[in-house]
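The sequence shown begins at 79 in my numbering and counts up by one.
Comments concern the structure below.
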Amino acid sequence: MGAAREGPVRAQPPDGDAGVGGELRRFAAFTDTPRGGNPAGVWIGPELPTAGAMQRIAAEVGFSETVFLTRRGSRSWVARYHSPEAEVPFCGHATIAAGVVLGVEHGPGIHVLATRVGDVPVAVDFDGSGRPVATLTSVEPARRAATPRVVGRALEALGWAPSDLDPSIPPAFAYAGSWHLVLAVTAHDI
C-alpha cells in the first residue's frame, strides 16, 4: 500500500528534549493522494523522545496514531506508536506510512520495525510510476470469542440491536498487534 504526504515536515526537538532532534512527517496510508487514505504521523530521529514528549507530539499531530522511529541497525528501526491519548502497542496504517518514508529515504527492500508486539518486516518497492508501495507482515494473528457482556455494551454504544449482527460470524476479538472487537453486521447501511 502506498502513502501520500499529508503535511509539512517539522524538524525541531520537542520541549524538554533539546538533545533529541527529529523530523515529523504527516502521511496518509493506503492512498496516493493527500485527501484519501488513513492519516498517520511519522517521526524519525537519532533517538526516541521521552514518553511524555512522544505523547505531546502525537496529541499535536492529532491523527489516530503517530509512529516514532530511531535506527536500530542498517535496515532495522525501533518503533513506538502513540495515539493523541496514550501509547498503543501497534498500528498498521502508521507502519505502512513509516515504510513509505523509509523506502524513499533509505531505499527499497525489507525494513524491520522492532515494536512492542515483536519485529514487523515492511517490504518497500516502487510501482511503475515510481510511487513507493509498502507491505507489512503482521505478528502472529489470534482470535478469541467476545463475551455477551462486551457485545451488549458495544451494541448499546453503537445504537445497534442484536438482530443487526450476522449470526454466521460470531462476535470476536481479533489480534494482529492490537486487540479489536469485530462485529459482523447483516447490512452495510446499519
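Think of the CB as a built atom: it goes at the ideal place given N, C-alpha and C, for glycine as much as any other residue.
Because the structure is a prediction, the values reported are computed rather than measured.
When 111, 250, 252 and 264 are compared, the shortest CA-CA separation from residue 242 is found for 264. Contact between residue 140 and residue 123 does not hold, since the beta-carbon distance rounds to 20 Å and is not under 8 Å. The three-state secondary structure of residue 195, taken from DSSP, is coil.
With respect to the 7 Å criterion, residue 157 and residue 111 are not classified as neighbours on the basis of their beta carbons. In the assembly as shown, residue 212 is a buried residue. Its beta-carbon has 16 or more other beta-carbons within 10 Å. Residues of the same chain with a CB within less than 7 Å of the CB of residue 250, apart from the 5 flanking positions on each side, are 221, 222, 223, 224 and 260 in chain order. The shortest CA-to-CA distance from residue 166 to any of 153, 149 and 195 is the one to 195. Secondary structure remark: continuous beta strand (DSSP E) runs of at least 3 residues inside the region 132 to 196, in chain order: 144 to 151, 154 to 160 and 187 to 193. Leaving aside the five residues that flank residue 268 on each side, the residues in its chain whose CB is nearer than 7 Å to its CB run, in chain order, 238 and 242. The C-alpha of residue 149 is placed about 8 Å away from the C-alpha of residue 125.
Here the C-alpha atom of residue 168 lies approximately 9 Å from the C-alpha atom of residue 160.
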